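Numbering (this note's numbering), first residue to last: 21 to 84.
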Amino acid sequence: EGSYSPDGKLIAFASNRDAYQRELTDEEQAMLERDPAVFMEIYVMEEDGSNVRKLTDTLGYDGG
Numbered sequence: 021e022g023s024y025s026p027d028g029k030l031i032a033f034a035s036n037r038d039a040y041q042r043e044l045t046d047e048e049q050a051m052l053e054r055d056p057a058v059f060m061e062i063y064v065m066e067e068d069g070s071n072v073r074k075l076t077d078t079l080g081y082d083g084g
């Protein structure tokens, strides 16, 4: 579930999409299996779904 920016041009959302778009180490795979939220990051994108940008890059839940 995303949230629109005040001007309505961007949508912010949390996703663990990065965990499925790259090869994980054995340790990362085990972490993902225990808790998929461990790879949650905050992203923004244009309202039409284009230009997705990752804002965070930390291990662990980011509160999105």
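Glycine included, each C-beta is placed from N, C-alpha and C at the ideal position.
Every value quoted in this text rests on a predicted model; they were computed, and no experiment measured them.
Buried or exposed (CB count within 10 angstroms, at least 16 for buried), residue i
i: Ala43; result: Correcting the residue type first, residue 43 is Glu in the shown sequence and not Ala. Exposed.
i: Glu61; result: buried
Residue from the options with nearest C-alpha to residue i
i: Thr78; options: Asn36, Ser23, Pro26; result: Asn36
i: Val58; options: Glu21, Pro26, Thr76, Val72; result: Thr76
i: Gly69; options: Ser25, Leu30, Glu21, Pro26; result: Leu30
i: Phe33; options: Val64, Glu47, Gln49; result: Val64
Whole-Å CB distance - residue i paired with residue j, under 8 Å assumed
i: Glu53; j: Gly28; result: Not really, about 38 Å apart at Cβ, beyond 8 Å.
What runs of the alpha helix (DSSP H), each 4 residues or longer, lie entirely inside the segment 48-78? none
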